[in-house]
Structure formats: C-alpha cells, structure tokens
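K.L.:
The numbers in the sequence shown follow this note's numbering, run straight up by one, and end at 278.
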Amino acid sequence: MMDMQERFAPLMAAALHYADSSEGLAMTLEDIQARILELAEEERALPPVLSAGGGRPDMPEARRRELEDARFAVYAWVDEKLLNARRSDAGSWMPLSLQCRYFSTTEAGQLFFSRLSGLLKAFGIAGEENGEPLDLAQRLERASRRLQNKIGVDALLMFALCLLYGFQGRLYGQDELLARVRRACRTLLLRPEILPAQETAFAQHARQTLLRRLETAGYVLVPVIVCILFWLYCANTLAHIPVKGF
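#1: Taking 8 Å as the cut-off, does the segment 158–167 touch the segment 97–110 (at least 3 CB pairs, one atom from each stretch)?
#2: On the three-state DSSP scale, how would you describe ARG95?
#3: Could you please give the first and the last residue of the uninterrupted alpha helix (DSSP H) stretch that includes PHE145?
#4: Counting pairs of Cβ atoms below 8 Å between the segment 170–186 and the segment 120–140, do you hit three or more?
#5: Which two residues bound the contiguous alpha helix (DSSP H) that contains PHE191?
#6: Run through DSSP, which three-state label would PRO165 get?
#7: Could you check if GLN65 is buried or exposed, using at least 16 other CB atoms within 10 Å of its CB as the buried criterion?
#8: How many angstroms separate the CA atom of LEU57 from the CA atom of MET44?
#9: Starting from SER129, follow the alpha helix (DSSP H) in both directions and report where the run begins and ends.
#10: Hey, ALA175 and LEU195: beta-carbon distance below 8 Å or not?
#11: In the DSSP assignment, what residue or residues form a beta bridge with GLU160?
#12: Using a 10 Å radius around the Cβ and a threshold of 16 neighbouring Cβ atoms, would you call TYR204 buried or exposed?
#13: Excluding the 5 residues flanking ALA216 on each side, which residues of the same chain have their C-beta closer than 7 Å to its C-beta?
#14: Buried or exposed for ALA140, going by 16 or more other Cβ atoms inside 10 Å?
#15: With DSSP run on the structure shown, which of helix, strand or coil describes MET59?
#16: For LEU222 and ALA192, what's the separation of their Cα atoms in angstroms?
#17: Compare the beta carbon distance of ALA46 and LEU69 with 8 Å and say whether it is the shorter of the two.
#18: What residue from HIS49, TYR197, LEU61 has the CA that sits closest to LEU128's CA?
#19: Since TYR50 is in the alpha helix (DSSP H), which residue starts that stretch and which ends it?
#20: Residues in its own chain within less than 6 Å of LEU148 by CB, not counting five upstream and five downstream?
#21: Just the Cα atoms here: how many angstroms apart are ARG95 and ASP63?
#22: So what does DSSP say about THR219, is it helix, strand or coil?
#23: Roughly how many angstroms separate the alpha carbons of GLY86 and ARG97, rounded to a whole number?
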C-alpha cells in the first residue's frame, strides 16, 4: 500500500524539475502551474493512505486532518521551490501557488511552522521543558526519541522530509538553526520504529540507506534530491515484484 512519502513523491519531483531544469525555465509559469495542479489533483484523488497508527475506520476526521497537514507541508515546500527558481518572474508564482488555491493563504512560510508546532504538541513535545524554552531543533530531537506509531506520525514525517529537503520559510537566514533542524529531521526519518507500518523491510532498508547518504552540504543539490525522491517512490513497488528463486 502507498505510504505518505510515496504519495507525494511525483509532485515534489516535478516541482524540483520545473524550478531548476532548462525545460522548466523555458516554460511559462502558467504552464508550470497547469502541470503542478494536475499532479496535485491526481494525489487528492487517491484514497486516504493507511496511517502509521493503523488508520482505524472509526477515526476518519483525524485521518483527514493528518492528510491535510501533510498536504500543507508539501504545498508550502513546492511553492517555496518555485518562488526561488532561477528566473526573473519567479516572484509571480504566489498568485498561482498551491497554498493560494487550496488553503487560501500566502503565509505558508509562517503557517508551516505553526502546524508543525501543533503536531509536536499533540505528541507531548511542547515549546518548553522545565521552564526553559525549546527551539524547533530541540523539539524535533525529542520527537526522534519519544515518538511511537499513531495517528499524526505520517504528517510529522512529511514536515521533517520537507525541512530536510530544503524548506526554510520564516527560518530563512537562520543557518545555524536550520542546520540543527535538518540533522534532527534526518534522525527522525531514520527511526525504524516510526516508519509507516505498512512499509516492507526492503523499502525500510532502502529508505534508511538513502537517507544515510545525505550529507549536510548536499541538502540543496537538486540532482541528488531528485534521485532520492524517485528511489523512495520506487522502493515499495520494487519490494512487491516477485522474483523467482528468492
């Protein structure tokens, strides 16, 4: 069964392609929007994925909120990639953006972190500990040690993935904090205890191996990220292909 990261991989890979490739730079923003919206609608038409916590049928609203949180994270990431594309009209993406179309906002750079903070709080990881404030990196570090599989984990992993793959939002310019946040996200994503419950052992191994190959200097390298996204997208599919003799 498709997990959350696999679900959004085509949309994320397309955003990377259109933001930085010669093909994307030659297209109009309207043409890029048409393709991005097509992929967004294809994802939205998919059935809800089974959550890491089991996705009980008596909790449809909780599962819907989790999927919407994941979408918000991905849409914010996609929009930031296109707003930062190496083209003179990149700033004109905002009226065409996914956040405007689906969430009626232009403040995803702020709201991304508000939603992430809410998810962490729902898992008992507040913004302070023993009266001392915790920054986002510290909260994510605690998440990597405390989380268990339940509703909300899949969305949290998508936020971590977006941060690991370069999302900055309101943290733009805070390089030291962003570096610590990404290290914490990497640790969180590597935890086998909170990988999606339906993921095969093969896919778990593939995901962990790929993430271990990420180095801090490589977080913004588009070719590496594209390969990783597509490897993650294909891991579960490959794991289910029967091979004689094995």
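Glycine residues also receive a C-beta, built at the ideal position from the N, C-alpha and C atoms.
P.N.:
Reading it off the structure:
#1: no
#2: helix
#3: 140–154
#4: no
#5: 185–196
#6: strand
#7: buried
#8: 17 Å
#9: Taken as a continuous stretch (DSSP letters only), SER129 belongs to no alpha helix (DSSP H), as it is neither H nor E.
#10: no
#11: PRO165
#12: exposed
#13: ALA169, LEU172, GLU173, SER176
#14: buried
#15: coil
#16: 11 Å
#17: no
#18: LEU61
#19: 36–52
#20: PHE191
#21: 33 Å
#22: helix
#23: Summary for GLY86: the model assigns pLDDT 49, below 50, so the residue's position carries little reliability; its value from the coordinates is reported in the next sentence. Those two C-alpha atoms are separated by around 15 Å.
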